[in-house]
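> Taking this note's numbering, I'd label the letters of the sequence shown as residues 28 to 200. I have a structure here, written as structure tokens, and I will follow up with some questions on it.
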Amino acid sequence: MSDYDGLLLLSSCDGGAAVWKQSRSLGAKQKPPRPPAWPIVGNIFDLGTIPHRTLYKLRFKYGPVVWLRIGWTNTLVIQSAKAAEELFKNHDATFCDRKVPVIFTSHHYCEGSFSLGRYGPNWIFRRRLVTVELMTKKRINETTSLRRKCVDNMIKYIEEDVTAARTRGESGS
């Protein structure tokens with residue numbers, strides 16, 4: 028066994044121990060009940076071909092709030108109106124933030140964007156600005172002709188594509 032093999036074995040054991048320790052420390056936090064998950068894929072194969080029925084059955088076994096791991100993503104499933112009401116009233120700020128892809132955070136693109144921004148004072152200000160200035164009835168009515176023109180162009184493109192497909196002998200439908 029060469030030095031590199033020993034180093035590789037040592038680093039893989041160290042990495043595995045770190046992942047195991049992190050998963051154990053994260054498991055110590057208070058989470059809703061969940062079914063046992065597979066190591067890498069999580070519960071994705073447990074959902075079966077009809078996931079909504081599987082989730083319905085999980086409700087009777089684990090309750091109206093179920094914690095699933097789908098791949099590496101942790102997913103909270105709410106299956107009752109009462110639990111949803113409690114979530115939105117008491118824990119709204121905890122769950123309203125979204126994960127922004129690294130490509131947008133590397134050059135701070137997400138800080139100036141309404142759609143990519145993280146929840147916080149800046150995002151609340153941008154949402155208010157969009158609601159008050161851009162989504163008013165007057166502004167939407169001003170763009171009616173532009174939207175109508177875009178729809179007409181799309182219909183024209185589809186008609187031309189169908190005609191071209193029929194001349195080539197394809198079905199065109």
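Note that the Cβ used here is the ideal one computed from N, Cα and C, for glycine as well.
Name the two residues that bound the continuous alpha helix (DSSP H) containing R174.
Residues T171 to T194.
> Let me check one thing: in DSSP terms, what residues is T132 bridge-paired to?
DSSP, once it has assigned bridges, lists no residue as partnering T132.
> From R145 to R155, what distance separates their C-alpha atoms?
15 angstroms
> With distances taken between CB atoms, is the gap from P63 to Y89 smaller than 7 angstroms?
no
> Quick one: grab the DSSP three-state call for R153.
helix
> Tell me whether the beta-carbon of K86 lies closer than 7 angstroms to the beta-carbon of Q106.
This sequence places Arg at residue 86; Lys is not what is there. Contact: yes.
> Where do the N-terminal and C-terminal ends of the alpha helix (DSSP H) with L82 fall, by residue?
Start and end: P78 to Y89.
> Within this structure, are the beta carbons of P201 and A110 separated by less than 7 angstroms?
No information on residue 201 is available, as it lies outside the stretch 28 to 200 that the chain covers here.
> The beta strand (DSSP E) spanning T102 covers which residue range?
T100 to I105
> Roughly how many angstroms separate the alpha carbons of S142 and V157, rounded to a whole number?
11 angstroms
> Which two residues bound the contiguous beta strand (DSSP E) that contains L95?
V92 to I97
> Considering only DSSP beta bridges, list what G69 is partnered with.
W65 and I97
> So, for V104: in the same chain, excluding its five sequence neighbours on each side, which residues have a beta-carbon less than 8 angstroms away from its beta-carbon?
L82, L85, V92, V93, W94 and L95
> Should G75 and G98 be called a contact, given that it needs their Cβ atoms to be closer than 7 angstroms?
no
> How should W150 be labelled, buried or exposed, when 16 other C-beta atoms within 10 angstroms of its C-beta is the threshold for buried?
buried
> Indicate the three-state DSSP secondary structure (helix, strand or coil) for F141 in the structure shown.
Assigned with DSSP and collapsed to three states, F141 falls in coil, not helix or strand.
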